Amino acid sequence: MASIQTTAGGVPVLILKEGSKENKGKEAQKNNINAAKLISEVVKSCLGPRGMDKMLVSAIGDVTITNDGATILKEIDVEHPAAKMMVEVAKSVDNEVGDGTTSSVILAGSLLEKAEDLINKHVHPSVIVDGYDAASEQALKLLQKIAVKVDVKNKELLMKIAMTSMYSKLVSEDSPVLSKIVVEAAKQVSEEKSEQEEKEQQHKNGDYRLLKVDLDNIKVEKKAGGSIHDTQLIKGIVLDKEVVHAGMPKRVENAKIALINSALEIEKTEMSAEIRINEPQQMQMFLEEENKMLKSMVDKIKTAGANVIICQKGIDDIVQHYLSKVGILAVRRAKESDMYKLSKATGAKLVNNLDDLMEKDLGSADLVEERKIETDKWVFIEGCKNPKAVTIMVRGGSQRVVDEAERSVHDALMVTKDVLEKPQIVAGGGASEAYIANELREWSSSIEGRAQLAVRRFADALDSIPLTLAENAGMDPIDTMAGLRAKQSKGPKWNIGVDVRNLVVADMFKQNVLEPLVVKEQIIKSATEAACMILRVDDVIAASKSGTPSSPAPGGGYGGAGGGMGGMGME
Ligand code: ADP
Ligand code: MG
């Protein structure tokens, strides 16, 4: 495009390399806004329990069926820089709080759509950005105001929150079973914070967080077959491995477990060494010596009192033989991450050098057993006492069902973690969004200048959540929104939302549609950030070489570059 500009004196200045593309001012803004809106259109129909699913087909023909916003956007290959930013919104929300990805993309899209209206009416983007920032700050305050503190010991309530995140998934019918497992797993691995940590937290955001939940300590395994009802919580770890030697026991009760990080083999030297053997006796001696060393390894394990060993490295055939002779169950080449989890679950210490192995390093489990699931063999280490790492074994009719069930379990685990760590919730079904929208509209009149218009648009954008929920459920959007506003003006306002299962406007707390406060906060924060970032761009410069698109330069960025290259003027 126009890569030749002229100075005040009319001398043409070549700023960009030939072939570069530049897209400026309103045109660039329109283009970016449109791209971002398109992305939000893609996921819009997925929102909520009545949302549709997407079938994603990869280049090699793999099929994924999901309605998880983050998963959809991760799989599709977008090229437009503004569209990529929308994908980033979903990713950041997914990382931070694990749920609310679709909502955040829809909100960002809606914020941009409303901004476009204002831009067309000659409101400057910076004014809109200011208005949006102010509105978002006020919205977060309002959210905090309506949030309800919950008791983290109330398992029923935690299950309702986990279930809400699953209502919108393929597995919604099985959510009672799955939510129970999810809540038990999250509670099991939660750890109380030390006072020191807690103080630091209080310092930072003025609220209290007493528990810490590290989801790395929950191993989620999946295996197609059976039904979702066969999904199990194992108080211990399940390894996708078999017992290493046919002669070993396949079942050990009251297991005393040794976790060994080193190989149970004779180490090969780094340098190539040569052993010259001249006589047959020497050969015999050499082999015997080797045999003795290997046997002594087994003796050490036996002396320590272990009847199960899990080894991160290999186990020599001869060691396997001796282990089986003394009735020890062994698994080799366990993953490093699994070794840590095993240590957390069984209380065993990870031993790097076999010589250090002592009785006190051993962990315990009620049962270690090799079991066949479908065609594969797995080793279950279960019945651990107060394990700080557990396994969820997800089952389901087909591979696609288990895949989606696993994603839903992930979302449910995340919301449970969110609430355990910050025990505050708000009503779902668009209730909190609609309430905040109304409050913002009122508040906007206190703002002077055109930023007021932006605050109103922000409120309208928030309405897109209940609106989309209603639309996806086949409810009349206008009637529903009118009903919602009317009902919110009376009664317990911020709980009234769109109940899409019964197709009415109702109290969402009574319907048990409950969401963590942090999820709602993150949706607003991330969506506003992305929308404002896109609005600030007024110049998109793409390098000429394909495959290396430059990132969109912030407004005014090109001016500096132009100044620097002024000397390159052409005659
Ligand atoms: P996200 O990726 O944003 O979490 P979902 O497809 O999971 O998107 O939909 C979440 C939305 O669905 C939330 O606003 C939540 O309050 C709403 N929701 C969940 N269950 C219900 C229900 N029974 N009735 C109405 N809305 C619901
Ligand atoms: Mg969700």
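For any residue, its number in this note's numbering is found by taking its place in the sequence shown, counting from 1, and adding 128. Backbone N, C-alpha and C fix where the C-beta goes; we use that ideal spot for every residue, glycine too. Computed from a predicted model, the values in this text were never measured in an experiment.
TODO: Could you say if the stretch 593-608 and the stretch 523-534 meet the contact criterion of at least three C-beta pairs nearer than 8 angstroms?
DONE: No: fewer than three Cβ pairs fall under 8 angstroms.
TODO: Report yes if the C-beta of threonine 292 is less than 7 angstroms from at least one heavy atom of ligand 1; otherwise report no.
DONE: As a first step, residue 292 is located in the sequence shown; it is residue number 164 there, counting from the start. True, at least one ligand heavy atom lies under 7 angstroms from that Cβ.
Task: Backbone CA spacing between histidine 331 and valine 647 [nearest angstrom] - done: Numbered from 1 along the sequence shown, position 203 holds the residue referred to as residue 331. Numbered from 1 along the sequence shown, position 519 holds the residue referred to as residue 647. Annotation note: pLDDT 48 at histidine 331 (below 50); position unreliable, no value reported.
Task: Cα-Cα separation between arginine 585 and glutamine 650, rounded to whole angstroms - done: Within the sequence shown, the letter at position 457 stands for residue 585. Within the sequence shown, the letter at position 522 stands for residue 650. One C-alpha to the other measures close to 19 angstroms.
- [ ] Just tell me which of Ile256, His357, Lys269, Ala313 has its CA closest to the CA of valine 299.
- [x] Walking along the sequence shown from the start, residue 299 turns up at place 171. Residue nearest to valine 299 within the set Ile256, His357, Lys269, Ala313 is His357 (criterion: CA-CA distance).
- [ ] Have a look at valine 665 and threonine 596 and give me their C-alpha separation to the nearest angstrom.
- [x] The residue you call residue 665 lines up with position 537 of the sequence shown. The residue you call residue 596 lines up with position 468 of the sequence shown. Taking the straight line joining both Cα atoms gives about 28 angstroms.
Open item on the list: Less than 8 angstroms between CB atoms is the rule here; does cysteine 174 satisfy it with respect to chain B?
Closed with: Among the chains in the structure shown there is no chain B, since it carries only a single protein chain.
Open item on the list: Spatial neighbours of valine 717 within its chain, please: C-beta separation below 6 angstroms, excluding the five flanking residues on both sides.
Closed with: The chain is shown from 129 up to 699; residue 717 falls before or after that span and cannot be answered.
Open item on the list: If you measure between the beta carbons of glutamine 580 and serine 572, is that distance less than 8 angstroms?
Closed with: The sequence position of residue 580 within the sequence shown is 452, counting from 1. The sequence position of residue 572 within the sequence shown is 444, counting from 1. Yes, the Cβ-Cβ distance between glutamine 580 and serine 572 is below 8 angstroms.
TODO: Using three-state DSSP, classify valine 633 as helix, strand or coil.
DONE: Translated into positions along the sequence shown, residue 633 becomes position 505. In this structure, valine 633 counts as strand in the three-state DSSP scheme.
TODO: Please name the residue in Glu203, Met213, Gly137, Asp205 whose C-alpha comes closest to that of alanine 164.
DONE: Start at 1 with the first residue of the sequence shown, and residue 164 comes out as number 36. Proximity to alanine 164 across Glu203, Met213, Gly137, Asp205 peaks at Met213, based on C-alpha coordinates.
Task: Start and end residues, alpha helix (DSSP H) containing alanine 562 - done: In the sequence shown, residue 562 corresponds to position 434, counting from 1. For alanine 562, the uninterrupted alpha helix (DSSP H) segment begins and ends at 559-572.
TODO: Reducing DSSP to helix, strand and coil, say where cysteine 439 ends up.
DONE: Taking the first residue of the sequence shown as 1, we reach residue 439 at position 311. Collapsing the DSSP output to three states places cysteine 439 in a strand.
Open item on the list: So the candidates are Glu576, Val668, Ala559; which of them puts its Cα closest to the Cα of valine 633?
Closed with: Counting from 1 along the sequence shown, the entry for residue 633 is found at position 505. It is Ala559.
- [ ] Could you check what DSSP says for proline 677 in three-state terms: helix, strand or coil?
- [x] Here residue 677 refers to the residue found at position 549 when the sequence shown is read from its first residue. In this prediction, proline 677 has a pLDDT of 46, which is less than 50 and means its spatial position is unreliable; what the coordinates show is noted afterwards. Three-state result, proline 677: coil.
- [ ] Please find out if some non-hydrogen atom of ligand 2 comes closer than 7 angstroms to the beta-carbon of glycine 556.
- [x] In the sequence shown, residue 556 corresponds to position 428, counting from 1. Flag unset: Cβ of glycine 556 not near ligand 2.
Task: 4-residue-minimum alpha helix (DSSP H) runs that sit fully inside the stretch 393-455, ordered along the chain - done: As far as the stretch 393-455 is concerned, its whole alpha helix (DSSP H) runs of at least 4 residues are 408-432, 445-453.
- [ ] Assign isoleucine 234 to buried or exposed, taking buried as 16 or more other Cβ atoms, counted over all protein chains shown, within 10 Å of its Cβ.
- [x] Residue 234 sits at position 106 when you count from the first residue of the sequence shown. Flag for isoleucine 234 reads buried.
- [ ] Kindly give me the distance between the Cβ atoms of glutamate 643 and isoleucine 553, rounded to whole angstroms, as I take these residues to be in contact under 8 angstroms.
- [x] Indexing the sequence shown from 1 puts residue 643 at position 515. Indexing the sequence shown from 1 puts residue 553 at position 425. Contact flag correct, Cβ pair sits at about 6 angstroms.
Open item on the list: Just to confirm before moving on: does the CB-CB distance between lysine 340 and lysine 321 stay below 8 angstroms?
Closed with: Locating residue 340 in the sequence shown gives position 212, where the first residue counts as 1. Locating residue 321 in the sequence shown gives position 193, where the first residue counts as 1. Going by C-beta atoms, lysine 340 is nearer than 8 angstroms to lysine 321.
Open item on the list: Following a CB-centred definition, is aspartate 483 positioned closer than 7 angstroms to any heavy atom of ligand 2?
Closed with: By 1-based counting over the sequence shown, the position of residue 483 is 355. Shortest gap from the CB of aspartate 483 to any heavy atom of ligand 2: 7 angstroms or more.
Open item on the list: On the DSSP letters alone, give me the boundaries of the beta strand (DSSP E) that lysine 219 sits inside.
Closed with: Working through the sequence shown from its first residue, we reach residue 219 at position 91. Looking at the DSSP string, lysine 219 is not in any beta strand (DSSP E); the run it does join, the alpha helix (DSSP H), is 209-224.
Task: ligand 1 heavy atom lying under 7 angstroms from the CB of aspartate 627 - done: Walking along the sequence shown from the start, residue 627 turns up at place 499. Within the cutoff, so yes.
Open item on the list: So, with DSSP's three-state summary, where would you put asparagine 282?
Closed with: One-based indexing of the sequence shown puts residue 282 at position 154. DSSP places asparagine 282 in coil when its eight states are reduced to three.
Task: Of the listed residues Val255, Ile188, His208, Ser173, nearest to isoleucine 575 (C-alpha basis) - done: Taking the sequence shown and counting its residues from 1, one reaches residue 575 at position 447. The shortest Cα separation from isoleucine 575 among Val255, Ile188, His208, Ser173 belongs to Val255.
Open item on the list: I'd like the span of the alpha helix (DSSP H) that includes proline 644, first residue to last.
Closed with: Position 516 of the sequence shown holds residue 644. For proline 644, there is no enclosing alpha helix (DSSP H); the residue is part of the beta strand (DSSP E) that begins and ends at 642-644.
Open item on the list: Would you say the beta carbon of tyrosine 295 is closer than 7 angstroms to some non-hydrogen atom of ligand 1?
Closed with: Sequence index remark: in the sequence shown, residue 295 carries index 167 (1-based). At least one heavy atom of ligand 1 lies closer than 7 angstroms to the C-beta of tyrosine 295.
Task: Three or more C-beta pairs below 8 angstroms linking the stretch 543-550 and the stretch 361-381 - done: Pairwise C-beta distances place the stretch 543-550 out of contact with the stretch 361-381, as fewer than three of them are shorter than 8 angstroms.
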